[in-house]
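Protein chains in written order, with my numbering: chain A, 1133 to 1340; chain B, 1133 to 1340.
In structure tokens form, the structure reads like this:
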């Protein structure tokens, strides 16, 4: 085979391998997950949330219902509710949002709510205050078991992830979450998205 | 000398060397620099800005005067003016601010304003619109020539900088700026500060 053909094949293989190791980045805006009881209080007993958009993680969806978050310093209106219902109310905001509300929210993995911050949620008619459940989501990478194998990482592992963009940076302390229910995606919040020059389609690479 | 004494000395030397290589990080809020002509228009001919606070960079100071920034989508009130006067008006905001204003501002080094975005500045009485001068400041490290030597970097060099915090990350693409007028400090904006868990006293280390 001619040398230039070999060169071409090597380059193509390298390109495709490299592409395979790119993870799609998604910026998560502020949102909340409600319990059945929370929905009963905020929207009425037995109320059913209105699904409007499927999210990248299978089974997760955005609803048309909105609430306001009320803190001692400020209010954030029009916050989206994500379904389905959960066993605990969880409200996820950015550090900027926490500053607007005037609440010291901890950086936590989803579900780890013990000792997290309290928050008041309100609709036009009523409100609900929780003592804990408000967090700044810790950046993380969802991986399917197949992709975890491909990337050679395991559940709960902490890795670095480089984001490719106009404003590149390497996120340290990124937690890996593996489940057969996940689609491989890296999740950051909007402070992180703005800091790394995120645009729709930005990708990241796991580094060690 | 006893082995434990040597251990102690080595540890102390390592600690102090490591400390010496830490750079203080500062988060810059949105601000603007005005020209003499800009001050004349916004505050009156011959008006003298009122210095209220010295900044870390020698000769630079915050003023008590404030302006609003007005964009097609929103307004940001109460934006601080930094002195002294400059030869060109320069308005520095974060990506979050750009989103609030509804203006696509480029990421630029200070002073590189050609083809940057336009903005309207307003006081209670009057306003001033510039065609270019609005930027998102590119993260950078000010270094004195002595410290540049110590860190083995030169003016305009691009480095990585790791920020130590609860939410550690490594900023890629950080520009080095060396001048005898600088005090050694790393400057990031508030999106970046929130993304890296910045608190007053956070430090960074140059990496290669």
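Even glycine gets a Cβ: it sits at the ideal position worked out from N, Cα and C.
According to DSSP, is residue i helix, strand or coil?
{"i": "residue 1304 of chain A", "result": "strand"}
{"i": "residue 1231 of chain A", "result": "helix"}
{"i": "residue 1321 of chain B", "result": "strand"}
{"i": "residue 1186 of chain B", "result": "strand"}
{"i": "residue 1149 of chain B", "result": "helix"}
{"i": "residue 1327 of chain A", "result": "helix"}
{"i": "residue 1144 of chain B", "result": "helix"}
{"i": "residue 1313 of chain B", "result": "coil"}
{"i": "residue 1224 of chain A", "result": "strand"}
Could you tell me the alpha carbon to alpha carbon distance between residue i and residue j, rounded to whole angstroms?
{"i": "residue 1323 of chain A", "j": "residue 1307 of chain A", "result": "18 Å"}
{"i": "residue 1210 of chain A", "j": "residue 1199 of chain A", "result": "6 Å"}
{"i": "residue 1191 of chain B", "j": "residue 1216 of chain B", "result": "8 Å"}
{"i": "residue 1297 of chain B", "j": "residue 1325 of chain B", "result": "10 Å"}
{"i": "residue 1205 of chain A", "j": "residue 1156 of chain B", "result": "29 Å"}
{"i": "residue 1254 of chain A", "j": "residue 1182 of chain A", "result": "18 Å"}
{"i": "residue 1144 of chain A", "j": "residue 1137 of chain A", "result": "11 Å"}
{"i": "residue 1252 of chain B", "j": "residue 1203 of chain B", "result": "7 Å"}
{"i": "residue 1195 of chain B", "j": "residue 1163 of chain B", "result": "10 Å"}
{"i": "residue 1278 of chain B", "j": "residue 1285 of chain B", "result": "10 Å"}
{"i": "residue 1259 of chain B", "j": "residue 1228 of chain B", "result": "23 Å"}
{"i": "residue 1142 of chain A", "j": "residue 1149 of chain A", "result": "10 Å"}
{"i": "residue 1139 of chain B", "j": "residue 1146 of chain B", "result": "11 Å"}
{"i": "residue 1276 of chain B", "j": "residue 1316 of chain B", "result": "6 Å"}
{"i": "residue 1167 of chain B", "j": "residue 1320 of chain A", "result": "39 Å"}
{"i": "residue 1230 of chain A", "j": "residue 1294 of chain A", "result": "26 Å"}
{"i": "residue 1135 of chain A", "j": "residue 1287 of chain B", "result": "43 Å"}
{"i": "residue 1272 of chain B", "j": "residue 1241 of chain B", "result": "8 Å"}
{"i": "residue 1243 of chain B", "j": "residue 1262 of chain B", "result": "15 Å"}
{"i": "residue 1221 of chain B", "j": "residue 1333 of chain B", "result": "30 Å"}
{"i": "residue 1169 of chain A", "j": "residue 1184 of chain A", "result": "21 Å"}
{"i": "residue 1245 of chain A", "j": "residue 1225 of chain A", "result": "13 Å"}
{"i": "residue 1174 of chain B", "j": "residue 1269 of chain B", "result": "24 Å"}
{"i": "residue 1161 of chain A", "j": "residue 1165 of chain B", "result": "32 Å"}
{"i": "residue 1257 of chain A", "j": "residue 1176 of chain A", "result": "10 Å"}
{"i": "residue 1188 of chain B", "j": "residue 1312 of chain B", "result": "14 Å"}
{"i": "residue 1223 of chain A", "j": "residue 1233 of chain A", "result": "13 Å"}
{"i": "residue 1282 of chain A", "j": "residue 1318 of chain B", "result": "37 Å"}
Show which residues of chain B have a CB atom less than 9 Å away from the CB atom of residue i.
{"i": "residue 1158 of chain A", "result": "Within 9 Å Cβ-Cβ: nothing; residue 1158 of chain A doesn't reach chain B, min ~15 Å."}
{"i": "residue 1239 of chain A", "result": "1298, 1299, 1329"}
With a threshold of 8 Å on Cβ separation, who are the neighbours of residue i within its own chain once the five nearest residues in sequence on each side are excluded?
{"i": "residue 1179 of chain A", "result": "1171, 1172"}
{"i": "residue 1247 of chain B", "result": "1238, 1264"}
{"i": "residue 1290 of chain B", "result": "1305, 1306, 1307, 1308"}
{"i": "residue 1327 of chain B", "result": "1299, 1301"}
{"i": "residue 1330 of chain A", "result": "1157, 1159, 1295, 1297, 1320, 1324"}
{"i": "residue 1219 of chain A", "result": "1167"}
{"i": "residue 1214 of chain A", "result": "1163, 1164, 1165, 1187, 1192, 1193, 1194, 1195"}
{"i": "residue 1337 of chain B", "result": "1153, 1154, 1155, 1293, 1294, 1296"}
Given residue i, which residues of its chain have a CB within under 7 Å of its CB, disregarding the five upstream and five downstream residues?
{"i": "residue 1186 of chain A", "result": "1193"}
{"i": "residue 1335 of chain B", "result": "1154, 1155, 1156, 1157, 1296"}
{"i": "residue 1310 of chain A", "result": "1275, 1277, 1280, 1286, 1287"}
{"i": "residue 1197 of chain A", "result": "1175, 1181, 1182, 1213"}
Specify, as a first and last residue, the run of the alpha helix (DSSP H) that residue i falls within.
{"i": "residue 1337 of chain A", "result": "Looking at the DSSP string, residue 1337 of chain A is not in any alpha helix (DSSP H); the run it does join, the beta strand (DSSP E), is 1335-1339."}
{"i": "residue 1169 of chain A", "result": "1168-1175"}
{"i": "residue 1282 of chain B", "result": "1277-1283"}
At a CB-CB cut-off below 7 Å, which residues of chain B make contact with residue i?
{"i": "residue 1326 of chain A", "result": "1226, 1227, 1228, 1323"}
Between which two residues does the beta strand (DSSP E) containing residue i stretch?
{"i": "residue 1198 of chain A", "result": "1193-1202"}
{"i": "residue 1265 of chain B", "result": "1259-1269"}
{"i": "residue 1205 of chain A", "result": "Run containing residue 1205 of chain A: none; DSSP gives neither H nor E here."}
{"i": "residue 1250 of chain B", "result": "1249-1254"}
{"i": "residue 1159 of chain A", "result": "1155-1160"}
{"i": "residue 1292 of chain A", "result": "1290-1296"}
{"i": "residue 1164 of chain B", "result": "1163-1165"}
Sorted by chain position, which residues of the same chain lie with C-beta nearer than 6 Å to residue i's C-beta, five sequence neighbours on each side aside?
{"i": "residue 1207 of chain A", "result": "1200"}
{"i": "residue 1292 of chain A", "result": "1302, 1304, 1339"}
{"i": "residue 1344 of chain B", "result": "Lying before the first or after the last residue shown, residue 1344 of chain B is absent from chain B, which here runs from 1133 to 1340."}
{"i": "residue 1212 of chain A", "result": "1163, 1194"}
Residues of chain A with CB closer than 7 Å to the CB of residue i, please, in chain order.
{"i": "residue 1302 of chain B", "result": "1301, 1302, 1304"}
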